Amino acid sequence: MTTNGTYSPARAAAALVALTLILSGLGWAVSAPAQGATPSFDLWAETGTTTMPGGQTVPIWGYTETDTAATAPGGPTLTVGVNDTVTITLHNEVGEATGLLVQGQPMVPDLVGIDDGTAHAYTFTATRPGTFLYEAAPIPGAEHQPAMGLYGALVVLPTTAGAAYEDPSTAFDADDVLLLGEIDPALNGMANPAAFDMRDFAPRFFTINGQAYPDTAPITGTPGATHLLRFVNAGLNHRSMGVLGAEQTVIALDGAALSDARHYVAETVGPGQTLDSLIAIPAAAAVDTDVLVYDAGLRLRNGDDPGFGGQLTSIQVPGTPSPTDDVGPVVSGAALNGGTLTAYVDDGAGHGGSNITAAEFYRDDITAAPVTMAATDAAFDSSGEDVTAVESVPDGEHVYYLRGQDAAGNWGPLTSVLVTGADAGGPATTQPNLTPNRVNGTGTGSVAVTATGDDSDSGGSVIADAEYFIDAPGADGSGTHLSVTPSDVVASLDGFIGPGILGALDEGAHPVSIHAMDGQNNWGEFATVNLIVDKHGPLTSGVTAEPTPNNGTRRYNSSIAAVRLIATTMSDPIMGGVNSPIARAEAFIDTVGANGSGIGLSASDGVFSDTTEGGYIDIPLATVRQMTNGVHTLYVHAKDTAGNWGPTSSTTLLVDKIRPTAGNVLVDPNPTDGAETVALTATGTDQETAITAAEWWVGPNPGLGKGNPMQVTGAGPSYDLSATVPASALAPGDNTIWVRARDEAGNWSKAVTTQVQLNARMMFSTAGNRNPPGVAGVSDDSDVYRGYGAAQSRSLDLSAAPYRVPNGANVDAFDRGAGSRFYVSFSRTTRLPGLGKVQDEDVVLWNGKDWKVWFDGTAHGLRPGALDIDALAISGKKLFFSTTGNRRPPGVGGTGDDSDIYSWNGRSFRRVYDASAHGIAPSADVDGYDRVNARHFFLSFAADTNLGDLGRVADEDVVYSNRNLWTTYYDGSAYGLLAGKLDVDAIDVF
5 MTTNGTYSPA RAAAALVALT LILSGLGWAV SAPAQGATPS FDLWAETGTT TMPGGQTVPI
65 WGYTETDTAA TAPGGPTLTV GVNDTVTITL HNEVGEATGL LVQGQPMVPD LVGIDDGTAH
125 AYTFTATRPG TFLYEAAPIP GAEHQPAMGL YGALVVLPTT AGAAYEDPST AFDADDVLLL
185 GEIDPALNGM ANPAAFDMRD FAPRFFTING QAYPDTAPIT GTPGATHLLR FVNAGLNHRS
245 MGVLGAEQTV IALDGAALSD ARHYVAETVG PGQTLDSLIA IPAAAAVDTD VLVYDAGLRL
305 RNGDDPGFGG QLTSIQVPGT PSPTDDVGPV VSGAALNGGT LTAYVDDGAG HGGSNITAAE
365 FYRDDITAAP VTMAATDAAF DSSGEDVTAV ESVPDGEHVY YLRGQDAAGN WGPLTSVLVT
425 GADAGGPATT QPNLTPNRVN GTGTGSVAVT ATGDDSDSGG SVIADAEYFI DAPGADGSGT
485 HLSVTPSDVV ASLDGFIGPG ILGALDEGAH PVSIHAMDGQ NNWGEFATVN LIVDKHGPLT
545 SGVTAEPTPN NGTRRYNSSI AAVRLIATTM SDPIMGGVNS PIARAEAFID TVGANGSGIG
605 LSASDGVFSD TTEGGYIDIP LATVRQMTNG VHTLYVHAKD TAGNWGPTSS TTLLVDKIRP
665 TAGNVLVDPN PTDGAETVAL TATGTDQETA ITAAEWWVGP NPGLGKGNPM QVTGAGPSYD
725 LSATVPASAL APGDNTIWVR ARDEAGNWSK AVTTQVQLNA RMMFSTAGNR NPPGVAGVSD
785 DSDVYRGYGA AQSRSLDLSA APYRVPNGAN VDAFDRGAGS RFYVSFSRTT RLPGLGKVQD
845 EDVVLWNGKD WKVWFDGTAH GLRPGALDID ALAISGKKLF FSTTGNRRPP GVGGTGDDSD
905 IYSWNGRSFR RVYDASAHGI APSADVDGYD RVNARHFFLS FAADTNLGDL GRVADEDVVY
965 SNRNLWTTYY DGSAYGLLAG KLDVDAIDVF
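Okay, so the sequence shown: first residue is 5 according to our numbering, each after it adds one.
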């Protein structure tokens, strides 16, 4: 680590005082920046190994201050001043991308990281004092990195000298950082830790500053001093850290000083959290005192060792020397390596200071006879001695208990260590895998065999060999050899099953058994994984093309401009007890190509994953338009995950781009002669596909498929087309009817035509008591006649039952309603049965049973005389009418005219047609009116009238206005309605 720059004078005193504090070792160098406002540090993210209590070597990662291998998880403590601009340069040497995160500091988060072998500088301003965690950045796939050991502590000093925070109440005499960590050998032992599922993280070792008790370094305490304990939890579990032998006062959490200090026996520190507490060291005692700092949750163990371990250390407080030595020595560093048991026996400060005179150990049972150990330098002549003994450890795990004796005759306490004797069994084989695990036995390709051999729990020997068997295991060592990488306690086992072996296997499931051998020639148990041999491809059925026939315009649906080729079922049959999921499917048009060269289908459910699937492909209409006319065969087949292609199944797509023909268009009757409907017939012909639709229309072309439908009958190639055309769809006079046909492929024929003449048809009343030609019986100007061209008949005899209108009432306005309903206005005041007097400005309704007043003209201001109604039409709930004289209805402005048309909407009158504005003379007097809409209507007049280009119109004629273009609709003069009593004075056109 390097530091650069000079602190500002304002903090110089604080920094100098801080550097004089007692910074305990605990196994870590505590790095503080030199005086200056821009301290900088270099951290190398390195791999390495560490030895845990009991002798197990564990791979770890950690941060170092130089480019050297890590010897313990974690990193150095970085110490800076508040408001310093801090730069940390990270050098990546761990073999994968990593980054740096400093918790609680305003630095830009690194979510990408840096590649292996590169470096990056991180800069931030330490804005507040306190204790903080730095660790590997949360980049994708790096959640294992802090657990591997990439973490450390950052201490930010306040401006107040000798205090943890600006508050003087946080003053201390000694500053101790306790970095809490966890180790799971299953994670650390993996060749690729990134592949470890962190949900399976189960730590077996629990560390303080990278070491587990009894290897944790003690803290030197001063009697009566105040120690600041900075707990930094870099593990994945909560820890309740307690202090035994002193009172603990918590002053801050996560670098934030508490307004009120809290007194705790133990306080929980969450993952990633920091906690600062003060403890008062007891005053000097007669003997040395140990204040224990430990995990109050009592997970004080190391792996499977039954003795004490884990997160436990002590603050060693020297006492006042006693005149006699009555305390025995302590033993530390016990280990068994290569058949030699070693340890260190210490009777130094706090234990009397006498020379060591003896050391001994027990194996498993402390009631048995002890075994003597010798001084490594061959002489017990000092207060601290390395001791040794040759020991042949039996198979399995054993606990050794060691103690020493000083010259005063004091035996010290027993210290234990867990060791493993001769290899107790073969390695475990885990994570067996075959890639691929399904084959078709064609004799081509290989299957990769992989597994993991692990002797950690069965002797700790290196993996020396591995093998596999297919179907049934044979004698140890007689199987197919697997390579072992690396030569270690945990190793990767790799090999292949070759094409020759695969080709000889029968269809079905074949268990592949894998096991490993350790360096002591112990074969472990088998791990088994099934190899599926599937030699039959999927069967395809239910192949259809929709829509067919097709001319390149027919869509599968409104949103898909294509022909959809569908394979309803692609199913892999069970043969030999096995089948495989569908992997893919393909299609060919007309010619089947090589397997795998076709057009890929999509799975109906989105992904090919089951043994039975459906699939489809859309053939764009642009492609269909490029295909030749005729039948095209579409083939589909599927492939399973074992690599088998199944047989093809097919369907056909008929491409027909030739349009049909239409002809022989006839209308009957023609002229219509007053018929309500006419029969339209035609012939459609197509040599390739069936005629499925036809349509007709009058007037402008409505667009393909938007005409009136026709019925199609027949078996082809010629088809009969027919429709019933309502006379109401035709205009008076000659009409052109258009017809066209469509075939099943979507081709429309050219439109063909015929002419039909619509004869006038209407209901009318006359001005006098005279029958129209051809009508028998007593004539009455209240009768209503029906006219079909030259043919007339009496339609309503209103003087007869049930109407009983008095003779001479003279109907001068009439409009049909639904069914037997109709509306009438009379030319004079009339008494109607059951209703009484009706005036000539009123409108009455025959509702099928009796008379009702529908519009009371008198009540709404239509006074007798010039405002009598003499023409009417009902549209919806609105009344349209003309009057007998040149007087305006109430509320209507302008000049009144008996040829104008007015409306009543239930509230008010308005002029809807100004006759004089359209060239109609004021003397014309409209006495018959029927409405289609505002621009299309029929009129008759009370006197002969000249109408523009049409010329003279007799008062027995009916004319039609098509946007002010006048034509004669009903030529009463030609049909025998001569002037006088046979003048038309009420009309209803239908």
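Built from N, CA and C at the ideal position, the CB exists for glycine as well.
On a predicted model such as this, the values are computed, not experimentally measured, just so you know.
Burial state of residue i, where buried means 16 or more other Cβ atoms lie within 10 Å
| i | result |
| --- | --- |
| histidine 231 | buried |
| asparagine 196 | exposed |
| proline 893 | buried |
| serine 879 | exposed |
| phenylalanine 941 | buried |
| aspartate 846 | buried |
| arginine 935 | buried |
| aspartate 330 | exposed |
| asparagine 192 | buried |
| glutamine 355 | At residue 355 the sequence reads histidine, which differs from the glutamine that was named. That one is buried. |
| glutamine 715 | exposed |
| histidine 267 | exposed |
| glutamate 401 | buried |
| aspartate 609 | exposed |
| phenylalanine 994 | exposed |
| histidine 519 | buried |
| leucine 836 | buried |
Residue i and residue j closer than 8 Å at C-beta
| i | j | result |
| --- | --- | --- |
| serine 517 | threonine 532 | yes |
| methionine 767 | aspartate 992 | yes |
| alanine 353 | valine 335 | no |
| asparagine 633 | lysine 539 | no |
| tryptophan 48 | histidine 124 | no |
| threonine 693 | leucine 725 | no |
| aspartate 844 | phenylalanine 859 | no |
| alanine 363 | glycine 408 | yes |
| alanine 452 | proline 436 | no |
| proline 133 | tyrosine 169 | yes |
Integer Cβ distance of residue i from residue j, believed to fall under 8 Å
| i | j | result |
| --- | --- | --- |
| threonine 552 | valine 567 | 7 Å |
| isoleucine 586 | aspartate 576 | 6 Å |
| proline 189 | valine 62 | 6 Å |
| leucine 996 | aspartate 120 | Outside the displayed range of the chain (5 to 994) lies residue 996, so it cannot be described from this structure. |
| valine 349 | phenylalanine 365 | 11 Å between Cβ atoms; not a contact. |
| proline 43 | valine 90 | 6 Å |
| glycine 274 | glycine 153 | About 19 Å; that fails the 8 Å criterion. |
| tyrosine 979 | tyrosine 973 | Tyrosine 979 to tyrosine 973, Cβ: 12 Å. No contact. |
Length of the line joining the Cα atoms of residue i and residue j
| i | j | result |
| --- | --- | --- |
| valine 377 | leucine 257 | The sequence given here places methionine at residue 377; valine does not occur at that position. Going from the Cα of methionine 377 to the Cα of leucine 257 covers about 49 Å. |
| methionine 245 | alanine 607 | 57 Å |
| alanine 990 | alanine 666 | 44 Å |
| serine 653 | arginine 663 | 31 Å |
| leucine 25 | aspartate 179 | Residue confidence is low: leucine 25 scores 31 on pLDDT, short of 50, so the model does not pin down where it sits. No coordinate-derived value is stated. |
| threonine 573 | aspartate 622 | 17 Å |
| threonine 220 | glutamate 186 | 14 Å |
| glycine 581 | alanine 513 | 8 Å |
| serine 799 | valine 782 | 13 Å |
| arginine 588 | threonine 548 | 18 Å |
| tryptophan 32 | glycine 52 | Confidence is the limiting factor: at tryptophan 32 the pLDDT is only 38, short of 50, which leaves the residue's position unreliable and the question unanswerable from this model. |
| asparagine 555 | valine 756 | 22 Å |
| arginine 867 | glycine 861 | 8 Å |
| threonine 434 | isoleucine 474 | 17 Å |
| valine 160 | alanine 130 | 7 Å |
| threonine 770 | glycine 932 | 10 Å |
| threonine 72 | isoleucine 64 | 13 Å |
| proline 222 | leucine 296 | 9 Å |
| proline 490 | phenylalanine 209 | 24 Å |
Length-filtered (3 minimum) beta strand (DSSP E) runs lying within the stretch 39 to 112: Qualifying beta strand (DSSP E) stretches, in chain order: 44 to 55, 61 to 68, 81 to 85, 89 to 96, 104 to 106.
Uninterrupted beta strand (DSSP E) stretches inside the stretch 787 to 858 (no shorter than 3 residues): 788 to 792, 795 to 800, 815 to 820, 826 to 830, 834 to 836, 840 to 842, 847 to 850
Beta strand (DSSP E) segments (min. 3 residues) lying fully within the stretch 456 to 543: 467 to 474, 484 to 489, 494 to 501, 512 to 522, 531 to 537
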